[in-house]
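Student: The opening residue of the sequence shown carries number 30 in our numbering; numbering runs sequentially from there.
Note that CB positions come from ideal geometry on N, CA and C, so glycine has one too.
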Amino acid sequence: MQKPPDHEAAVRAEFETVRAEDTVEAYERFIRRHPDHSLVKDAAEALARLKKQ
30 MQKPPDHEAA
40 VRAEFETVRA
50 EDTVEAYERF
60 IRRHPDHSLV
70 KDAAEALARL
80 KKQ
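1) Rank K81, V47, K80 by C-alpha distance to the C-alpha of R62 and give the top, closest one.
2) Hey, would you say K80 sits closer than 8 Å to V53, going by beta carbons?
3) Do you know offhand how far E85's Cα is from A72's?
4) Under a three-way DSSP split, which group does T52 fall into?
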């Protein structure tokens, strides 16, 4: 029997992909998909940095 997917690990992996993309669109998508996750703070900070440029 397979273990169910680890949701936390999946969200963290998605965030690493978003960080590698480092685009406004990627961070906005992550924030929309995971509004209550603790990584939203990091995503919002990166988004603000990109929007200042």
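Tutor: So, from the data block:
1) V47
2) yes
3) An answer regarding residue 85 cannot be provided, because it is not within the stretch 30 to 82 covered by the chain.
4) coil
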